[in-house]
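Trainee: Please see the structure below; I have some questions.
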Amino acid sequence: MQTKLAVQFRKNRRTSHAFERLKTCKKCGGYSVLFDNVCKQCGSRDKFIPVTEYASAMNRIMPWAEAFGAIALVLLAVASAGTLQHLAAAVIGGAAFLFLFFLLRKRYKPYADTYRLHRLLIDHTPAIWRGLRADLQEAVQDMDAAKPKEAYEKLREIGHFLRGEHVKVRKIDCLGRFFIRKDMELELEEIVPASFRQDFVLYLWEAVKVNKRLVRQSVLDYVVAYRYEIAAMEHGKDILTLVAGAALRMKAYVQRYPHFIVDYLDELPRERFHRLCKLMASTPAADRGRLYERCKELAKTRYGFDPEFQGLF
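When the letters of the sequence shown are read in order and numbered with our numbering, they come out as residues 96 to 408.
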């Protein structure tokens, strides 16, 4: 049996957009999302800058280039004037053009900056993908070298861009090697696989034990889809009961998965069942179904003398 490791993950960076995690090498233009400061493509050290900083530099330079271009265009028109009338028209028209140009540039600067960043990311997409593939290879090497913590931290960064099954499976493999604690920043929805995987279900069980908020719709859809395979596992019923109890966190989940939840009412802890009964008690008569009736029946037979259950139905 594989010995599990007690680990402390590197603090996860919070960004508004995934692209803010990218950094580029000033020497060769390579990209990476990892933490080291050595470029894997050219070997340069301390040459990385965030892609947002690179875009900001472009946004400082490009307006000057555009302004010089506009001024050069006006000067060319003035120099090409063959008569005083044409010269006057070129000067007046050029002045009006420059006034309008600088006015509009100031007004639309935020949109222009965003557009340049967007174009940068599109134009550099091949380099970005090459960098991500190199990062992924580094994570795989860490896994092969029995360094699952380092591998997982790298996969977590890569996973903001590469969300394919190959990345999910490697994350699941890593997470299955750790002791899961409440203080960890855990993933669950992000690594739901496309097919039944026992190692994912075992990790799910450990993760939901410490944080029921990890159970969201995609997780519930997966559990419902593979409930019979999960039930056949050792502790399968316990896993399904735990997930059913976690689904009670949101009324929308109760409304979406009543046929799943009703099968595990008898195993629900008192606190979770009481929460469900309060939700059911507020259900309009037209929306009541089998789950409502089973909750009502069980509340009377099992908790009929409990003051917190009296008067709910």
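Think of the CB as a built atom: it goes at the ideal place given N, C-alpha and C, for glycine as much as any other residue.
Tell me, to the nearest whole angstrom, how far the beta carbon of residue 149 is from that of residue 226; I am working on the premise that it is less than 8 Å.
Mentor: So it is not a contact: roughly 13 Å between Cβ atoms.
Trainee: Any heavy atom of the ligand FMN inside 7 Å of the beta-carbon of residue 405?
Mentor: As for the ligand FMN, it is missing from this structure, which has no ligand bound.
Trainee: Go through the segment 360-394 residue by residue and report every complete run of the alpha helix (DSSP H) that reaches 4 residues or more, in order.
Mentor: Here the runs fully enclosed are 365-376.
Trainee: Do the CB positions of residue 394 and residue 407 come within less than 8 Å of each other?
Mentor: Yes. Within cutoff.
Trainee: Would you mind stating whether residue 283 and residue 309 have Cβ atoms separated by less than 8 Å?
Mentor: In this structure, residue 309 lies closer than 8 Å to residue 283 by Cβ.
Trainee: Alpha carbon to alpha carbon, what distance is there between residue 302 and residue 281?
Mentor: Roughly 7 Å separates the two Cα atoms.
Trainee: The beta strand (DSSP E) that contains residue 110, what's its start and end?
Mentor: Unbroken run through residue 110: none, as it is neither H nor E.
Trainee: Quick one: is residue 63 buried, meaning 16 or more other Cβ sit within 10 Å of its Cβ, or exposed?
Mentor: Because the chain spans 96 through 408 in this model, residue 63 falls outside it and cannot be assessed.
Trainee: Return helix, strand or coil for residue 352, following the three-state DSSP convention.
Mentor: Reduced to three states, the DSSP call for residue 352 is coil.
Trainee: Nearest by alpha-carbon distance to residue 340: which of 117, 358, 118 is it?
Mentor: Minimum Cα distance to residue 340 is reached at 358.
Trainee: Measure the alpha-carbon distance for residue 355 versus residue 223 and round it to whole angstroms.
Mentor: Taking the straight line joining both Cα atoms gives about 43 Å.
Trainee: Give the DSSP-derived three-state secondary structure of residue 100 in the structure shown.
Mentor: Reduced to three states, the DSSP call for residue 100 is strand.
Trainee: Enumerate in chain order the residues of its own chain whose CB-to-CB distance from residue 248 is below 7 Å, with the five nearest sequence positions on each side excluded.
Mentor: Contacts found: 104, 105.
Trainee: Classify residue 187: buried if its beta carbon has 16 or more other beta carbons within 10 angstroms, exposed otherwise.
Mentor: Exposed, by the Cβ-count rule.
Trainee: Could you tell me the boundaries of the beta strand (DSSP E) in which residue 118 lies?
Mentor: Taken as a continuous stretch (DSSP letters only), the beta strand (DSSP E) holding residue 118 covers 118-120.
Trainee: In or out: residue 231 buried (at least 16 other Cβ within 10 Å) or exposed?
Mentor: That one is buried.
Trainee: At 4 residues or longer, what runs of the alpha helix (DSSP H) sit wholly inside the segment 267-354?
Mentor: Here the runs fully enclosed are 293-305, 312-320, 322-326, 331-342, 346-351.
Trainee: How many angstroms separate the CA atom of residue 145 from the CA atom of residue 115?
Mentor: Looking at the two C-alpha atoms, the distance is approximately 7 Å.
Trainee: The alpha helix (DSSP H) that contains residue 145, what's its start and end?
Mentor: No alpha helix (DSSP H) contains residue 145, which is instead part of the beta strand (DSSP E) from 143-145.
Trainee: If I measure Cβ to Cβ from residue 344 and keep anything under 8 Å in the same chain, skipping five residues before and after, which residues do I get?
Mentor: Within the same chain, residue 344 has close Cβ partners 307, 308, 310.
Trainee: With distance defined between alpha-carbon atoms, name the residue in 142, 338, 236, 258 nearest to residue 362.
Mentor: The option with the nearest alpha carbon to residue 362 is 338.
Trainee: Quick one: Cα of residue 317 to Cα of residue 349, how far?
Mentor: Approximately 16 Å, taken between the alpha carbons.
Trainee: Among 334, 151, 191, which residue has its Cα nearest to the Cα of residue 168?
Mentor: Comparing Cα-Cα distances from residue 168 to each of 334, 151, 191, the minimum goes to 191.
Trainee: Hey, residue 274 and residue 100: beta-carbon distance below 8 Å or not?
Mentor: Going by C-beta atoms, residue 274 is nearer than 8 Å to residue 100.
Trainee: Locate the alpha helix (DSSP H) running through residue 214, then write down its first and last residues.
Mentor: Taken as a continuous stretch (DSSP letters only), the alpha helix (DSSP H) holding residue 214 covers 204-218.
Trainee: Going by DSSP, what residues sit across from residue 127 in a beta bridge?
Mentor: BP columns for residue 127 point to 118.
Trainee: Pick helix, strand or coil for residue 251, following the three-state DSSP scheme.
Mentor: Reduced to three states, the DSSP call for residue 251 is helix.
Trainee: Among the candidates 378, 369, 381, whose CA atom is the shortest distance from the CA of residue 401?
Mentor: Comparing Cα positions, the closest option is 369.
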